[in-house]
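Keeping their order, the protein sequence lines are chains L and C. Each residue of the first sequence is one higher than the one before, counting from 608 in the numbering used here. Each residue of the second sequence is one higher than the one before, counting from 608 in the numbering used here. The beta carbon of each residue, even a glycine, is placed where N, CA and C say it ideally should be.
2 protein chains.
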Amino acid sequence: MASPLGPWPAKEPARRRLSVDSIVAAGLEILAAEGADAVTMRAVAGKLGTGAASLYAHVRDKGELHALLLDAVIGEVDVPEADPARWREQIKQFCWGQYRAMVRHPGIAAVSLAHIPTGPNALRCSEGMLAILTAGGLSKLVAGLAVDLLTQYTTAVAYEDTLWWVRAEDGNDPFASEGSVVAQAKAYFAGLPPAEYPMITSMVEELTTGDGDARFQFGLDMIVAGLDNLRDWRLPG
Amino acid sequence: MASPLGPWPAKEPARRRLSVDSIVAAGLEILAAEGADAVTMRAVAGKLGTGAASLYAHVRDKGELHALLLDAVIGEVDVPEADPARWREQIKQFCWGQYRAMVRHPGIAAVSLAHIPTGPNALRCSEGMLAILTAGGLSKLVAGLAVDLLTQYTTAVAYEDTLWWVRAEDGNDPFASEGSVVAQAKAYFAGLPPAEYPMITSMVEELTTGDGDARFQFGLDMIVAGLDNLRDWRLPG
DNA sequence: CTAGATTACGAACGCCGTTCGCGTCAAGTA
DNA sequence: TACTTGACGCGAACGGCGTTCGTAATCTAG
Chain L
608 MASPLGPWPA KEPARRRLSV DSIVAAGLEI LAAEGADAVT MRAVAGKLGT GAASLYAHVR
668 DKGELHALLL DAVIGEVDVP EADPARWREQ IKQFCWGQYR AMVRHPGIAA VSLAHIPTGP
728 NALRCSEGML AILTAGGLSK LVAGLAVDLL TQYTTAVAYE DTLWWVRAED GNDPFASEGS
788 VVAQAKAYFA GLPPAEYPMI TSMVEELTTG DGDARFQFGL DMIVAGLDNL RDWRLPG
Chain C
608 MASPLGPWPA KEPARRRLSV DSIVAAGLEI LAAEGADAVT MRAVAGKLGT GAASLYAHVR
668 DKGELHALLL DAVIGEVDVP EADPARWREQ IKQFCWGQYR AMVRHPGIAA VSLAHIPTGP
728 NALRCSEGML AILTAGGLSK LVAGLAVDLL TQYTTAVAYE DTLWWVRAED GNDPFASEGS
788 VVAQAKAYFA GLPPAEYPMI TSMVEELTTG DGDARFQFGL DMIVAGLDNL RDWRLPG
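What follows is the structure in structure tokens.
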């Protein structure tokens with residue numbers, strides 16, 4: 608990518624071509640195509656035409672590679688400049704961007720949950736969120752807690768939404784044995800004994816209404832509404 | 608555990624002693640002692656004095672074993688009977704119970720995030736949550752969405768809070784190279800360039816105030832406050 | 001007491017992350 | 001220009017994982 612290809616035609620594998628950038632680029636390709644579980648050292652090295660051992664000169668271990676990929680993905684979401692009057696839409700819009708970036712790279716949400724990202728792009732995001740929230744009139748304390756809350760919720764939803772994707776890879780049926788996932792859930796709930804589960808069986812429709820996007824929007828709306836109400840919340844005790 | 612030990616003294620390994628219950632019991636022991644990553648087929652079999660292959664007569668694969676463990680852990684949380692007047696405290700209390708049960712078994716939260724639990728104990732929990740929320744006056748639709756939201760948030764926080772535990776196992780220092788995790792985070796934030804990260808560097812204290820418990824309480828308070836406000840929310844579109 | 005099904009389990013397969021040791025190239029020094 | 005040196009490339013190997021297979025031991029029915 609950064610290399611101008613130069614005058615070499617296509618000689619031999621031409622040694623000395625590895626770099627952190629090329630490794631991350633190869634990792635992102637595999638990530639988008641096959642999910643995070645497929646990003647193994649051997650697979651990344653294979654895509655670069657070499658063996659797994661070669662990567663260890665540029666990356667400490669698999670964890671560091673995943674952290675680099677995570678930060679690269681986070682770098683794709685753009686942070687709006689804080690506008691005090693529109694802080695509610697802005698923070699929701701930002702979370703949607705983060706959510707979509709993670710869904711674009713199936714499996715990366717798992718990495719985010721496992722690492723508590725602290726790369727430069729993650730910091731840039733936190734910085735932007737804090738700017739939006741404090742511009743909206745939230746106290747520093749609430750803004751700090753809210754960044755955690757929103758990030759954690761967004762990541763958790765993105766993770767869950769990409770689970771079926773990962774499963775479809777190694778499973779047999781790419782979507783479901785019959786009908787959508789929602790239909791399956793509906794059938795499962797409807798088949799439960801009403802005596803034991805009166806609430807669930809009487810709420811099958813409501814429990815399976817709305818796709819993942821609508822449910823994520825619900826959570827965002829609720830959290831932001833809560834933020835609006837708890838402006839002078841303090842640590843208890 | 609269920610076996611009364613019987614009259615056998617201690618003969619030979621005495622075949623035919625495996626069962627799903629004993630496998631789950633052994634798994635829970637390892638889970639509590641070493642975390643979910645240590646619950647391998649070989650480790651569980653080893654604790655029962657046999658080889659990994661023996662487990663496959665009782666359990667389809669590792670995923671099913673983890674699902675069984677998850678449901679056993681979920682079975683430890685008790686569900687209060689719905690009292691319409693106290694729905695806010697009740698739902699928070701329930702989430703705290705779920706949170707603590709997961710923290711007691713480090714790593715199980717990861718299993719919960721990866722599986723979308725549907726075992727009998729998980730259903731019992733959903734049933735109880737729905738009862739509490741609808742008793743509180745929430746519509747069926749909002750109650751259904753809220754169960755998802757609360758469960759996902761609680762699990763995500765439990766997962767993150769047990770990460771350091773898992774890390775401490777294979778790492779070198781059981782707590783931190785020096786000072787607590789909070790102190791480390793504080794030092795990291797304080798060391799950032801203020802020009803690039805003006806918000807973060809000016810909010811170091813606020814960002815590192817409060818332990819995990821206080822932050823979880825904040826999230827719960829906010830979500831429940833949001834639930835109070837959005838009683839007549841409908842699916843958009 | 002025998003026949004058939006179920007269960008126990010050692011061995012092996014293919015995958016993983018990681019390390020080791022040896023070639024081999026690129027740049028610095030004389 | 002010739003030589004040294006240190007970093008990089010990479011095949012091979014180690015230990016551990018989930019899972020399968022073939023076989024032996026055991027329980028259950030008839």
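| query | result |
| --- | --- |
| Start-to-end residues for the alpha helix (DSSP H) that takes in residue 737 (chain C) | 727-742 |
| Residue 801 (chain L) to residue 795 (chain C) span [Cα, whole Å] | 54 Å |
| Spatial distance of residue 644 (chain C) from residue 720 (chain L) (CA atoms) | 16 Å |
| Span separating the alpha-carbon of residue 778 (chain L) from that of residue 768 (chain L) | Note on residue 778 (chain L): pLDDT 46, under 50, position unreliable in the model; no value is reported. |
| Residue 676 (chain L) and residue 627 (chain L) closer than 8 Å at C-beta | no |
| Beta carbon proximity, residue 669 (chain C) to chain L, threshold 8 Å | no |
| Where residue 694 (chain C) falls, given that 16 or more other Cβ within 10 Å makes a residue buried | buried |
| Any chain L beta carbon closer than 8 Å to residue 782 (chain C) | Because residue 782 (chain C) carries a pLDDT of 44, less than 50, the predicted location of this residue cannot be relied on, and no value is offered for it. |
| Pairwise C-alpha distance: residue 635 (chain C) and residue 735 (chain L) | 42 Å |
| Rounded Cβ spacing between residue 834 (chain L) and residue 745 (chain L) (contact assumed at less than 8 Å) | 6 Å |
| Residues of the region 789-800 of chain L with Cβ closer than 8 Å to any Cβ of chain C, in chain order | 795, 799 |
| Three-state class that DSSP yields for residue 810 (chain C) in the structure shown | coil |
| Cα-Cα separation between residue 717 (chain L) and residue 716 (chain C), rounded to whole angstroms | 12 Å |
| Proximity test, Cβ basis, 8 Å: residue 822 (chain L) and chain C | yes |
| Closest by C-alpha distance to residue 743 (chain C), when choosing among C:733, C:690, C:713, C:707 | C:690 |
| Inter-residue Cα distance where the pair is residue 674 (chain C) and residue 702 (chain L) | 30 Å |
| Residues in the region 685-698 of chain L having any Cβ partner in chain C nearer than 9 Å | none |
| Residue 671 (chain C) - DSSP class collapsed to helix/strand/coil | helix |
| Proximal residues to residue 817 (chain C) (C-beta, below 8 Å), its chain only, five neighbours per side dropped | 825 |
| For residue 683 (chain L), three-class secondary structure by DSSP | coil |
| The alpha helix (DSSP H) enclosing residue 649 (chain L), as first and last residue numbers | 648-654 |
| Contacting positions in the region 731-761 of chain L - beta carbon closer than 9 Å to chain C | 731, 733, 734, 735, 736, 737, 738, 741, 746, 747, 748, 749, 750, 751, 752, 753, 754, 755, 756, 759, 760 |
| Nearest-angstrom Cα separation, counted from residue 760 (chain L) out to residue 845 (chain C) | A question about residue 845 (chain C) goes unanswered here, because the residues of chain C that appear run from 608 up to 844. |
| Inter-residue Cα distance where the pair is residue 625 (chain C) and residue 722 (chain C) | 26 Å |
| Helix, strand or coil at residue 617 (chain C) [DSSP, three-state] | With a pLDDT of 31 at residue 617 (chain C), under the threshold of 50, the modelled position of that residue is not reliable, and no figure is offered here. |
| Rounded Cβ spacing between residue 655 (chain L) and residue 639 (chain L) (contact assumed at less than 8 Å) | Actually they do not touch by this definition, with Cβ atoms about 16 Å apart. |
| CB of residue 847 (chain L) within 8 Å of CB of residue 808 (chain L), strictly | Residue coverage of chain L in this structure runs from 608 to 844, which leaves residue 847 (chain L) outside it and unanswerable. |
| Alpha-carbon spacing of residue 754 (chain C) relative to residue 822 (chain L), whole angstroms | 11 Å |
| Spatial neighbours of residue 766 (chain C) in its chain, beta-carbon cut-off 7 Å, leaving aside the 5 residues before and after | 716, 717, 720 |
| Cα-Cα separation between residue 836 (chain L) and residue 756 (chain L), rounded to whole angstroms | 15 Å |
| Per-residue DSSP class, three states only, for residue 657 (chain C) | coil |
| Test: residue 638 (chain C) CB closer than 8 Å to a CB of chain L | no |
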